[in-house]
Amino acid sequence: MGSKTIKIVLILLSALFVTLMLILPLATVLVYSLRQGWRTFVSCVTDDYTVKALNLTLLTAAITLAVNTAFGIFSAWSIAKFRFRGKQALTTLIDIPFSISPIIAGLVFILIFGRIGWVYPLMEALDVKIVFAVPGIVLATIFVTFPFVSRELIPLMQSQGCDEEEAAALMGASGLQIFSRVTFPHIKWGLLYGVILCTARALGEFGAVSVVSGHLRGKTNTLPLHVEVLFNEFKLTASFAVASILVVIAIIILILRNIVEFRLKREEG
Amino acid sequence: MSSLKTPPERPKRNVIPGFGLSMGVTLTMLSLIVLIPLASVPLVLRDYSLSEFWRVVTDKQTIATYKVSFSCAAAAAVINVFFGVLLAWVITRYKFPGRRILDGLIELPFALPTAVAGVALTTLYSDKGWIGYLFSKVGVKISYTPIGIKIAMIFIGIPFVVRSIQPVLEKLDPQYEEAAATLGASRARTFMSVVIPEILPAALTGFALAFSRAIGEYGSVVFIAGNIPYKTQITPLIIMNKLEQFNYPAAASIALVMIVFSFLVLFGINILQSKISEISRGS
Amino acid sequence: MYVELKNLNKRFGNFQASDDVSFGIKKGNLIGLLGPSGSGKTTILRMITGLETPDSGDIFIDGTRVNDLPAAKRGIGLVFQNYALFRYMTVFDNIAFGLTVQKKDKKYIRDRVSELIKLIGLEGMEKRRPHQLSGGQKQRVAFARALAPNPHLLLLDEPFAAIDAKVRKELRSWLRDTINKVGITSIFVTHDQEEAVEVADEIVITNNGRVEQVGTPIEIYKDPKTPFAAGFIGKSVTIADYGKLHGFEKIEGFESALLRPEFVHIMKPQNELYPHASQRGIVEDIFFKGNTLELRVNLDGQKLVAYQSLDGASFSVGDEISVLIYRLYLLRENEVRLAENRSIKSEGNFFI
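Residue numbers (the numbering used here), protein chains in the order written: chain A, 72 to 340; chain B, 903 to 1185; chain C, 3 to 354.
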């Protein structure tokens, strides 16, 4: 076989794999959602429960982003700009949520805030509901996406070194001034990249949220949960119509991710 | 002992402000969101006797879920390594129309909500779906069988492998391959003796990442698995079932087994990666 | 003394980076901290800056003990080894940074920065980013940035290390002149003795965390106080059995000697000046050094280096020559003694 033939065979094999595993599932969602016509699609997408689920999903993602971005910046600052014992251990601990099943991520909050949980009496006394309610969904989502931003920022900030920050500090700049004027310009694309990955996962998280949500339609249903509920009720068209909202978001995220990655590589190069 | 002569490490930086604050925030958030919640798993089991715990985690049906999860995840990870190397190779070494789109699509499983992937794969590979229909003609069922589980796990794991191997191939100078080729090595031999050793550590990391993600995966697998006890029930699903029966200690027990297993895999990946950086540092 | 270090000690684990370091610096002087890498010179610089806290000892600047003063309050400008320019700021913003942080008014900042840009000769480059500058230009910007807030003391960490050889010479004299013009007390760290000798008013030689000697370059060259200082400044070869050289005898306790090429005079055997003081050697190698010739000479198995001017007698490899050694540095553990060739004195009083 000539190298040309090998090249063509390998490319075709790759294309086949990507078609079977990635493109056809996407196509399935779009085709099934439009199967009963445009009007059905629109009514499914603008359905009251769908809109409420979308709002809850966006709210959850927004809170998650705020929390994880803050964590990412603080943790990267302490890990990348200072020397201390146990740094490696700390970095490993931050990565834990990546290696744990989302089901367990949901479970831990049930074990804390649920009826058998040790915080339950306190929550009962305060009349606050955490699990099978919105706070639980937010908590579980934060847990599974916790390392996303810090994981992008730590290596980036480490590779930048500390000299510029040190120089700024010597001239009397405050921590906030150093971060905003010296460090931030370095990390803005990396931060955005981490934020995009975090958003994708936060919008789509299913397992962890499924455990803590209680599936109350219109109240504790996020979009992915709504897809499941409709699918299990054999409302395939409706289910795929809702799923298509998430597909569109996913494609937008993919495009953004690629643009930002391009910028990031250019900055580094 | 040259270590006595050279400074053991770069002096501590103490002029950059904000260590106390940022470390405080980091540890507080990490504890509140990750560490304390995780610690509550063993805490729930404090009134649980060891024999009770053992009975739950070695229950016949539970053992069956370990087997399904483990064997499917392992098989999916092996297939992913194969296709991961292929995709990474094609993306880094060949120029062809659609290469950038292919590269961008690899990331789809990270961006697409797992539930959407789950329902889409289930439908696509069911007897009535486009691909499932073709296979049902020859008597092969995919959805609601272990094959379906593997398909979902391949879907979720592929980006881990490609993204581990891709940077190594990008850095691997084609000159080595050319040098080997000019020395008369056949293409296959060049690939085996020059490329494979270079990407092996990255492939192993990718395998471990894909495997550990597949073991814990829920959203994309739950629909296509069908949850048939002893056949297609995965471990996260049995935890979910115990929860639905309000059997919290049992759920926590099985979760604990999974957490310990995940830690072992995480630990393995860390060792592997430190070995890799050692090799690449050339010692 | 404007800057005074008293008995500074600093350890990193097992490593004694500073060992009872004491010296003082006069106002307006340019000081070179010279030593091999790992000798503790950077640690001294970092302790003065406040990037490092000494384990014991005191640092005084202008009569005030600054040990407990935070780095930013010490009135020190620091030029980093790799400049540490802010990559995402223009030349103007880099230089202005210290003043902006101090919330000086806009007009003052503009005037001060343009004054400095003029000083460093980079007019018209205010809008450039660091990556658009050459090594020497970055160095100048780093220098101006450190000067902007009017520090009392300027510290430079290996200021020429990252610059290629050709520009380095030019930048050295520029830096020296500019510092003199500004009149700021400055300390720079270097491992290059040639650089220290050329640039500094005074040199502090460090070795193994200790200060070996403080003095002007000429003082240290002429009158080294320790074997290390004698060997580190100037070119030299070590001679173990110096008692065998004509005109010198072994002195108890001084185990070896140091010979500088400048102390060696070579002649054709027929032109020999002091037969008793001289001895015969063989030319082993000759190097052209641009303005002189450097000869490697074998003297009964002892190798030494001698210089010969280009318009003097010419030699070729393998020639037998007459070698006259005027003087030697005799070395003991912590003492250096100058020994003159005794046979010259006995033969006559004139010198070449």
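Where is the CB? At the ideal position from N, CA and C, for every residue including glycine. Keep in mind the model is a prediction, meaning the values are calculated, not measured.
Check whether the Cβ of residue i lies closer than 8 Å to any Cβ atom in chain A.
| i | result |
| --- | --- |
| residue 19(C) | no |
| residue 956(B) | no |
| residue 100(C) | yes |
| residue 1157(B) | yes |
| residue 1099(B) | no |
| residue 145(C) | no |
When we look at the beta-carbon of residue i and count the other beta-carbons within 10 Å, is it buried (16 or more) or exposed?
| i | result |
| --- | --- |
| residue 336(C) | exposed |
| residue 165(A) | buried |
| residue 278(C) | exposed |
| residue 293(C) | exposed |
| residue 956(B) | exposed |
| residue 197(C) | buried |
| residue 199(A) | exposed |
| residue 953(B) | exposed |
| residue 255(C) | exposed |
| residue 1094(B) | exposed |
| residue 1035(B) | exposed |
| residue 41(C) | buried |
| residue 1078(B) | exposed |
Please report the residue range of the beta strand (DSSP E) in which residue i lies.
| i | result |
| --- | --- |
| residue 35(C) | 32-36 |
| residue 77(C) | Premise fails: residue 77(C) is in no beta strand (DSSP E) and is neither H nor E. |
| residue 1074(B) | Element bounds for residue 1074(B): n/a, residue is neither H nor E. |
State yes or no: is the beta carbon of residue i nearer than 8 Å to at least one beta carbon in chain C?
| i | result |
| --- | --- |
| residue 206(A) | no |
| residue 242(A) | yes |
| residue 238(A) | yes |
| residue 257(A) | yes |
| residue 248(A) | yes |
Under 8 Å, Cβ to Cβ, is there at least one residue of chain B near residue i?
| i | result |
| --- | --- |
| residue 309(A) | no |
| residue 173(A) | yes |
| residue 219(A) | no |
| residue 82(A) | yes |
| residue 329(A) | yes |
| residue 78(A) | yes |
Shortest alpha-carbon distance to residue i belongs to which of the options?
| i | options | result |
| --- | --- | --- |
| residue 1005(B) | 138(A), 280(A), 330(A) | 330(A) |
| residue 1177(B) | 1136(B), 1124(B), 1106(B) | 1106(B) |
| residue 997(B) | 335(A), 278(A), 78(A) | 78(A) |
| residue 938(B) | 174(A), 184(A), 146(A), 137(A) | 184(A) |
| residue 1056(B) | 1066(B), 1031(B), 985(B), 1026(B) | 985(B) |
| residue 149(C) | 82(C), 170(C), 133(C), 209(C) | 82(C) |
| residue 114(A) | 186(A), 333(A), 320(A), 316(A) | 316(A) |
| residue 940(B) | 1037(B), 999(B), 1154(B), 1169(B) | 1154(B) |
| residue 239(A) | 139(C), 46(C), 98(C) | 98(C) |
| residue 337(A) | 305(A), 303(A), 275(A), 258(A) | 258(A) |
In chain order, what residues of the same chain lie with their CB nearer than 7 Å to the CB of residue i, ignoring the 5 residues before and after it?
| i | result |
| --- | --- |
| residue 44(C) | 159, 191 |
| residue 228(C) | 214, 215, 336, 338 |
| residue 202(C) | 32, 33, 34, 219 |
| residue 306(C) | 239, 261, 266, 299 |
| residue 1152(B) | 958, 1144 |
| residue 111(A) | 308 |
To which residues of the same chain is residue i closer than 6 Å at the C-beta, ignoring the five residues directly before and after it?
| i | result |
| --- | --- |
| residue 218(C) | 204 |
| residue 1120(B) | 1138 |
| residue 235(C) | 195, 222, 223 |
| residue 907(B) | Confidence is the limiting factor: at residue 907(B) the pLDDT is only 40, short of 50, which leaves the residue's position unreliable, though a coordinate-based value still follows. So no residue of the chain qualifies. |
| residue 1024(B) | 1045, 1125, 1126 |
| residue 190(A) | 183, 184 |
May I ask which residues mark the beginning and end of the alpha helix (DSSP H) holding residue i?
| i | result |
| --- | --- |
| residue 1089(B) | 1089-1092 |
| residue 261(A) | 255-275 |
| residue 152(A) | 119-152 |
| residue 1125(B) | 1121-1127 |
| residue 116(C) | 108-121 |
| residue 204(C) | It is not in any alpha helix (DSSP H) - residue 204(C) instead sits in the beta strand (DSSP E) that spans 204-209. |
| residue 168(C) | 167-184 |
Identify, in the order they occur along the chain, each residue of the same chain with its Cβ nearer than 8 Å to the Cβ of residue i, setting aside the five sequence neighbours on each side.
| i | result |
| --- | --- |
| residue 980(B) | 1109 |
| residue 111(C) | 98, 101, 102 |
| residue 987(B) | 1063, 1067, 1101, 1105 |
At a cut-off of 7 Å, is residue i close to the ligand FAD when judged by its beta-carbon and the heavy atoms of the ligand?
| i | result |
| --- | --- |
| residue 215(C) | As for the ligand FAD, it is missing from this structure, which has no ligand bound. |
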